[in-house]
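Going down the list, the protein sequences come from chains W and A.
Residues 1159 to 1535 in our numbering are what the first sequence spells out, letter by letter.
Residues 1159 to 1535 in our numbering are what the second sequence spells out, letter by letter.
There are 2 protein chains.
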Amino acid sequence: MMTKDISIKEGVGVDISVSMVLSKFKTALSAMERVVGSRSTLPILNNVLIKADKNGVELIGTDLEIGIKFFIGGKVDQEGSITIPGKTLITLVNSLHGETVVLQGRGNNIEVKCGDIRATINATPADDYPILPEVEGGKSVKIGGDKLKQMLSAVDFSASRDESRQLLTGVLVNSKADGLVMAATDSYRLSEVEDKKPLGEEFKVIIPAKTIVELKRLVKEGDQVEVRVEDSQIMFVMDSVVLVSRLIEGEYPNYQQIIPTESNISALVDVQELMDAIKSASVFSVDGGNSIKLVFDSTGLKVTSEASQVGNFDGSVEAKVEGGSEEVGFNAKYVLDGLASFDTPKCELKIGSKTSPVLFTPSGVENRRYIVMPLRG
Amino acid sequence: MMTKDISIKEGVGVDISVSMVLSKFKTALSAMERVVGSRSTLPILNNVLIKADKNGVELIGTDLEIGIKFFIGGKVDQEGSITIPGKTLITLVNSLHGETVVLQGRGNNIEVKCGDIRATINATPADDYPILPEVEGGKSVKIGGDKLKQMLSAVDFSASRDESRQLLTGVLVNSKADGLVMAATDSYRLSEVEDKKPLGEEFKVIIPAKTIVELKRLVKEGDQVEVRVEDSQIMFVMDSVVLVSRLIEGEYPNYQQIIPTESNISALVDVQELMDAIKSASVFSVDGGNSIKLVFDSTGLKVTSEASQVGNFDGSVEAKVEGGSEEVGFNAKYVLDGLASFDTPKCELKIGSKTSPVLFTPSGVENRRYIVMPLRG
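And the structure:
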């Protein structure tokens, strides 16, 4: 034990000495921003880990749920590793101007040099920093970064914010033999997107919404993303950055059963026009839980709302309605969220009855479905 | 009394009928946004007043401190006036798209029509709405809107936020026989700007900072502004909008005495470089009330800071220093505020001693002074 203690003290990593392109260091630090916290329960997690070896400099941050490793490259004069308070380092480095930044371990400090500026930050040895799990043994697939981002963005907004319903706070990613399906629901609305091209490996995981947020920030246009999946971990390997995250464990609810298969009424509507009318209508729905009504008949679609203390609203939206008349109440936010995620000029609505889920699809797009439960009224 | 009550009810103004260019109505409403409140003490102040007569449509809002009157023009089919909940009207109108908006009084409501949209808002008769004071009898001067905005922006940020020091929460506007002077101070720093060209009338008023904020938003490039001053009120008359405000009453402190007239050391520094170094330094000054040090000697200027728990900072800034060496402590925010308000590439600093106020001026500009009290250290 004695020997080991001494060896740790010798190796506290303060002998590190590296120089990096400042803009690259800023990019790497900005990737850590929301992961490096300000918790006091485990103070070391407020730090980022800087690791220099013969391959270059790596920056690592984790909140134990998500870990991010950013490969910066740079010139290593002295290999070693050290942890530095994240917020301080990020604020300092963002305020710097110049080409190159030099980091040098000194005593219990790290010196940051850039142009005529020299700052010293109290640092901590790297020994206590948690090791990022590597996903090595599991399944591995590749997917285009743009497609990954698009599919995630088509569904992630429907995930629940209610931590007491853990399963629903994630996005289901179901890699099947015949294609890739993603879905999210908070039990009031559901979004689903499908890609017919299989990834080549089958797995079914629930990725936490927070991980999705970070992943979407890290994926750059044109990136090829390697996804590695193990029992409880998922890892996304990109060009110069790796994101590793725990998965939400459990069986995702069988949401298929609520997707309406039959409908009486269908309507074809301009997405932007419908959004505008619903936004205006929701001015008069604050009292009643953001409730608005969509009124379908052969002449078109009306959006109405009423808040007794404030006033009422009645807006006509041009629509091709077939199959009858109906009046369905909705939470305006749920309808708007879905419409905002569509990237087609028109959308189709399929209505069964006053009380059955309504299906929204971007017009002409086969692989997306958005289902909203009507309000009882 | 009876007769009067009845006449009020007959004249509740719900007979109003006007049509306006939507974009103009939006502009007018956005001018009211921060004045029309959500206080419950005097609910009518949450409303805006719409007044239609043969000259066109006027929109009026007030919080009793500031009043804004916006002339919209438009087509008046039925003269009258009515008040409408401001937040509701603003949110609704901002969500509308189209060329024209029509307002029509109906019963106790106002109907807002735009394209296929028809909203009804509960309205209130105009009778109880406070009358905006008109400043008619006082002094009147004209000033270019651009110059007015520039001069106000050169000083207003130094006004105090401390409501217990009411006098200092305003900007002093001193129209003298030999020119116009504006100043603001929170007793830790002071800014002053002067224009040699007299306005033609002498007055000395303290304008509340909130009024300045609204005024700067309302003045459009190229505007000519008529300023009318009475004992306790000031009125700014612009192209299509009038702002009237109460003045802060009392005698503004004689700040001239703290403006240093002699100095030992002078320094000529690049404004942006100094700001960058101070921003970086303030990363290490959070503990100590944002304190940084400027260290002057014949070789140049250093910016230093230290926070024992975090680290320390040392940055050199190229500077032409004459007259000796000194080390002066500052609140970083105060120095940064002043430098940010300068629009010259270089600035001059005049230092008397460690404890005397330091004078900052934009280099080559005669009419501006910024004085910061040093920290005791």
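Positions of the beta carbon are idealized from the N, C-alpha and C atoms, including for glycine.
Does the pairing of the stretch 1495–1511 of chain A with the stretch 1424–1432 of chain A give three or more beta-carbon distances under 8 Å?
yes
Any beta-carbon of chain A closer than 9 Å to the one on W/GLU1352?
no
Using the Cα positions of W/ASP1353 and A/GLY1263, report the straight-line distance between them to the nearest angstrom.
54 Å
Give a yes or no on whether the C-beta atoms belonging to A/ALA1342 and A/LEU1326 are separated by under 9 Å.
yes
Coil, strand or helix - W/VAL1523 by DSSP
coil
Distance, Cα to Cα, W/ARG1527 vs A/LEU1180?
36 Å
Comparing alpha-carbon positions, which option in A/ILE1275, A/ASN1489, A/ASN1267 lies nearest A/THR1282?
A/ASN1267
For A/ASP1455, which residues from the same chain have a beta carbon less than 7 Å from its beta carbon, with the 5 sequence-adjacent residues on both sides left out?
VAL1479, SER1483
Among the residues of its own chain, which have a CB less than 7 Å from the CB of W/ASP1235, if the five just before and after it don't count?
SER1175, VAL1176
Interface flag, A/VAL1260 vs chain W, CB-CB below 9 Å:
no
Can you list the residues of chain A that W/LYS1437 reaches, using a CB-CB cut of under 7 Å?
SER1253
Closer than 9 Å to chain W by CB, A/THR1249
yes
Contacts of W/VAL1441 in chain A (Cβ-Cβ under 7 Å):
THR1246, THR1249, LEU1250, SER1253
Name the chain W residues whose beta carbon is nearer than 8 Å to that of A/GLY1469?
THR1246, ASN1267, ALA1277, THR1278, ILE1279, ASN1280
Can you confirm whether A/SER1474, when its beta carbon is compared against all beta carbons of chain W, has any partner nearer than 9 Å?
yes
Test: A/ASP1428 CB closer than 9 Å to a CB of chain W
no
Since A/LYS1297 and A/VAL1387 are thought to touch, with beta carbons under 8 Å apart, how far apart are those beta carbons, to the nearest angstrom?
5 Å
CB of A/ILE1364 within 9 Å of CB of A/VAL1329, strictly:
yes
Please identify the residue among W/ILE1279, W/ALA1277, W/ILE1529, W/ALA1210 whose C-alpha is closest to the C-alpha of W/THR1565.
Absent from the structure is residue 1565 of chain W, since the part of chain W shown begins at 1159 and ends at 1535.
Determine which residues share a DSSP beta bridge with W/GLY1328 and list them.
W/PRO1366
Is it buried or exposed for A/ILE1417, if we count other Cβ within 10 angstroms and need 16 for buried?
exposed
A/ASP1589: contacting residues in chain W (beta-carbon distance under 9 Å)
Outside the displayed range of chain A (1159 to 1535) lies residue 1589 of chain A, so it cannot be described from this structure.
Along the chain, where does the alpha helix (DSSP H) containing A/GLU1191 start, and where does it finish?
No alpha helix (DSSP H) holds A/GLU1191; DSSP gives it neither H nor E.
Residue of W/TYR1346, W/ALA1317, W/LYS1334 minimising C-alpha distance to W/ILE1370
W/ALA1317
Taking the C-alpha atoms as reference points, what is the distance between A/ILE1166 and A/ALA1284?
For A/ILE1166, the predicted model reports a pLDDT of 38, less than 50, meaning its position is unreliable; a value from the coordinates is still stated below. When rounded, the distance between both Cα atoms is 10 Å.
Using the Cβ count rule (16 or more neighbours within 10 Å means buried), how would you classify A/LEU1533?
buried
Does any C-beta atom of chain A lie closer than 9 Å to the C-beta of W/PRO1201?
no
Could you say if the stretch 1402–1409 of chain A and the stretch 1461–1469 of chain A meet the contact criterion of at least three C-beta pairs nearer than 8 Å?
no
A/PRO1283 - DSSP class collapsed to helix/strand/coil:
strand
Can you check the stretch 1244–1290 of chain A for any beta strand (DSSP E) of at least 3 residues that lies completely inside it and give the ranges in chain order?
1258–1264, 1267–1272, 1275–1280
Give the straight-line distance between the Cα atoms of A/ASP1173 and A/THR1258, rounded to the nearest whole angstrom.
20 Å
If you draw a straight line from the alpha carbon of W/MET1159 to that of W/MET1393, how long is it in whole angstroms?
In this prediction, W/MET1159 has a pLDDT of 29, which is less than 50 and means its spatial position is unreliable; what the coordinates show is noted afterwards. So the two alpha carbons sit approximately 35 Å from each other.
Taking its Cβ as the centre, do 16 or more other Cβ atoms sit within 10 Å of A/ILE1242, making it buried, or is it exposed?
buried
Own chain partners of A/GLY1522 with C-beta closer than 7 Å, once the 5 adjacent residues on each side are dropped
THR1502
How would you write the range of the beta strand (DSSP E) that W/GLU1431 sits in, first residue to last?
Unbroken run through W/GLU1431 is the alpha helix (DSSP H), 1429–1439; no beta strand (DSSP E).
For A/THR1278, is the classification buried or exposed, using 16 other Cβ atoms within 10 angstroms of its Cβ as the cut-off for buried?
buried
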